[in-house]
Amino acid sequence: MTVELNTSTPEAGVRFPWLQINPVSSYAQEDLQSAVVVPVWFTASPEDSQKEICKLLQKKGGWSNPQMLFGYTATSEWKDLYVYFDHGDGKSPVNTVATQAFKMYGLNGNQGTIDWDQIRGPVILCRADPPTFGPAINPFESFAMLMSGRQPPSNSEPRIAPFESKPFPTAEEIVQTLAFFKDKQASAVAQKRDHHRMIKLQEADRAADPQRFPHPASTGAYFGTDVRFASSRKLEKEQHQCASCGVKRFIADLQRCSRCRGVLYCSRACQKVDWKKGHKNVCTEKS
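So this is what it looks like as structure tokens:
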């Protein structure tokens, strides 16, 4: 069913509970900006349940099979977006840019496999809450719950919240996110950030109850979306910085010099600056 959706152009710097990304295949700045709009037609609250949100998407948007995805913005340490799209839409234009940016997990946060192919039509998104848990919860016992983003049952003990809540997103933040994932495999970026987040959650839990968790997180294990285990010391070494501007990023978010493969940059612009500053004099093609 085709439904006319009323949208408006977002004002610069203004935060909105919901934003919509219309189908777009170009990464030109003006095209990305034009694709991000305010879904005036969608009146749900971000605090509503997923069931209520999906029901309203069917009723007002004419979506046949609304589904939710977790998403990361460009620099977030935790999954800070809930992204909805019509998984049953087989006719609308492919939303190439949104597919590239949000192909991190399966439907409804499925960690095991990405069980969808592409996004057609618009997506709407809102800010997700940061992960929290009670100090009595062992991350090993609560792995599936924490990795899925679901909150543990409330109890009388204070909750640990190592990550601060974020305000509603701006259109600029979403445009930046779409551009950020242009040349990246979103699932690999998400997995790396999941690893780091689990270490931070484990450290926070240990700080709250050192007797229950006597060993530092740096000697323990970390968790990824593929349920692998490895030394967290390796993870600590994988936090690098751009050789040009010095900004720190997860290694999956940086790109290597394509010639020597030994220097990391956060963008092509920084790579060009560093090349002119002198990297070209020491860069040796990797054999």
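So in the working numbering, spot 280 of the sequence shown is number 438, and the numbers just go up one at a time. Ideal placement from N, C-alpha and C gives every residue a C-beta, glycine not left out.
Asked	Found
Candidates 264, 414, 400, 289: which alpha carbon is nearest residue 358's?	289
In angstroms, rounded to a whole number, what distance separates the CA positions of residue 269 and residue 436?	43 Å
Since residue 166 and residue 195 are thought to touch, with beta carbons under 8 Å apart, how far apart are those beta carbons, to the nearest angstrom?	7 Å
Can you give the beta carbon distance from residue 224 to residue 181, rounded, assuming they're within the 8 Å contact cut?	That pair is no contact at about 17 Å.
Considering only their Cβ atoms, is the gap separating residue 424 from residue 441 smaller than 8 Å?	no
Pull up the distance between the alpha-carbon of residue 339 and that of residue 345, whole angstroms please.	10 Å
Could you tell me if residue 222 is buried or exposed, where buried requires 16 or more neighbouring beta carbons within 10 angstroms of its beta carbon?	exposed
In terms of alpha-carbon separation, which member of 414, 443, 266 lies closest to residue 429?	414
Could you tell me the alpha carbon to alpha carbon distance between residue 332 and residue 213, rounded to whole angstroms?	25 Å
Using C-beta distances below 6 Å, list every residue in its chain close to residue 202, excluding the 5 sequence neighbours before and after it, in chain order.	211, 214
Is residue 255 near the ligand FAD, in the sense that its beta carbon is under 7 Å from a heavy atom of that ligand?	With respect to small molecules bound, the structure shown includes none, and the ligand FAD cannot be examined in it.
I need the DSSP call for residue 177, collapsed to helix, strand or coil.	strand
Hey, how far is the Cα of residue 266 from the Cα of residue 245?	11 Å
Does the distance from the C-beta atom of residue 277 to that of residue 243 stay below 8 Å?	yes
Look at the alpha carbon of residue 170 and the alpha carbon of residue 443, and state the distance between them as a whole number of angstroms.	44 Å
Could you tell me the distance, in whole angstroms, from the CA atom of residue 190 to the CA atom of residue 336?	8 Å
Do residue 240 and residue 284 count as a contact pair if the criterion is CB distance below 8 Å?	yes
Can you list, in chain order, the residues of its chain whose CB lies under 7 Å from that of residue 216, leaving out five sequence neighbours each side?	224
Skipping 5 residues on each side, what residues in its chain have a beta carbon closer than 7 Å to that of residue 105?	It is not possible to answer for residue 105, since the shown part of the chain is limited to 159 through 445.
If I'm right that residue 263 touches residue 401 with Cβ under 8 Å, what's the distance once you round it to whole angstroms?	Their Cβ separation, rounded to whole angstroms, is 31 Å, which puts residue 263 and residue 401 out of contact at 8 Å.
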